[in-house]
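Sequential numbering from 1 applies to the sequence shown in full-length UniProt numbering. Ideal placement from N, C-alpha and C gives every residue a C-beta, glycine not left out.
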Amino acid sequence: MFIMPYWLLPLISAYVWFTMLLGILIKWQVDGRPKYPSMSQNQSITYISDVSA
């Protein structure tokens, strides 16, 4: 029977989280870096919450 080491769970969770964030930013980039209504005029990069909402 395989028992997963306890230290492996945070590594897996961090990998999934960073991959999700990277995917959201790549989607925003592929969409042409659109300006969302919640962004200010001089803001060049969007917040993650703007893209995922």
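(1) From S52 to I24, what distance separates their C-alpha atoms?
(2) Could you give the distance in angstroms between the alpha-carbon of I26 and the alpha-carbon of R33?
(3) Let me know the secondary structure DSSP gives L29 once reduced to three states.
This is what the structure gives:
(1) 7 Å
(2) 10 Å
(3) Note on residue identity: the sequence assigns Gln, not Leu, to residue 29. Helix at Q29.
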